[in-house]
Every structure is written in structure tokens, then in C-alpha cells.
């Protein structure tokens with residue numbers, strides 16, 4: 434598949450994200466599934482730190498400790514829904530190859546929200562430094 438095909442496939446899942454954005458429990462369950470499934474190996478290895486930032490940002494948004502645009506949350510949710518879906522462009526049960534499409538979709542979203550991920554990463558540094566949650570409005 435080429436980038437435009439991955440983007441087209443991802444858009445289907447981003448539309449599904451609308452179902453999650455107002456259902457915190459459903460989103461929490463989705464994040465839990467993604468966290469359990471994610472492994473630092475194969476195609477995900479190169480983008481592992483950014484995937485972890487996305488998961489953290491989504492979790493902090495869920496808990497209300499991080500404010501972010503709806504567009505950013507929809508983008509992350511779309512990628513996470515795609516990731517946890519076992520039968521997507523390339524079925525996940527196919528070793529290594531099965532996560533190539535997931536990595537491509539994550540990379541697409543990471544590139545879209547790069548500035549927000551950088552802000553979030555900086556905020557996490559401050560939280561660690563200060564030792565308490567810091568609310569940030571983007």
C-alpha cells in the first residue's frame with residue numbers, strides 16, 4: 434500500500450473515533466486494549482516513543498489533566514482504533530508484516546500532531562520536575 438491508501442484507510446477509523454470522543458469509558462477501554470497490544474518491536478520500534486506519548490496524551494485527556502483540541506483527540510483515537518482492529522489493511526496475525534500498516538497509520542498521525550506531541554512531552558518534563566500535575570491549555 435502507498436501513503437494515500439493508508440490515509441484513506443485511516444480516515445474510515447478516524448470517523449469511528451466520533452463514537453468514542455463523548456464516551457470516556459469506551460475510550461478508556463480502547464486505550465487499555467492498545468496498551469496491552471503495543472510492543473516495542475518490528476515496525477513499531479522506530480516510533481515507539483511517539484506512540485507512548487500519544488497513549489499518555491490520550492490518558493491525560495481522559496483524566497482531565499491535559500487540555501487539547503478535539504481534532505488532535507480524534508486523530509489519536511482514529512489511529513488507536515485502527516491499531517486495535519485485528520483485521521485492517523494487513524491482518525495483525527501475520528508476523529512483522531501485520532504491524533507495518535499500523536506503523537504507517539501511527540506515523541501519519543504523529544506527523545499531523547507533531548507540534549502537540551512536542552508540547553505534551555515538554556509538559557511531562559515539567560510535571561516530573563515539579564512533582565505535581567500541571568494543567569495545560571493548547
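Residue numbers (the numbering used here): 434 to 571.
For each residue, glycine too, the CB sits at the ideal point set by N, CA and C.
So which of the options has the shortest CA-CA distance to residue i?
i	options	result
residue 453	473, 544, 491	491
residue 494	558, 533, 553, 470	553
residue 489	504, 475, 461	461
residue 547	561, 532, 508, 560	508
With a threshold of 7 Å on Cβ separation, who are the neighbours of residue i within its own chain once the five nearest residues in sequence on each side are excluded?
i	result
residue 514	446, 449, 450, 463
residue 440	541
residue 484	471, 477, 539
CB residue i to CB residue j, shorter than 9 Å?
i	j	result
residue 542	residue 466	no
residue 477	residue 535	yes
residue 502	residue 442	no
residue 473	residue 481	yes
How would you write the range of the alpha helix (DSSP H) that residue i sits in, first residue to last?
i	result
residue 546	Element bounds for residue 546: n/a, residue is neither H nor E.
residue 503	503-517
For residue i, which residues of its own chain have a beta-carbon under 6 Å away from its beta-carbon, when the five flanking residues on both sides are left out?
i	result
residue 510	450, 453
residue 557	none
Report all residues from its chain with a CB closer than 8 Å to the CB of residue i; omit the five preceding and five following residues, and keep chain order.
i	result
residue 545	508
Can you check the segment 440-494 for any alpha helix (DSSP H) of at least 4 residues that lies completely inside it and give the ranges in chain order?
451-454, 457-470
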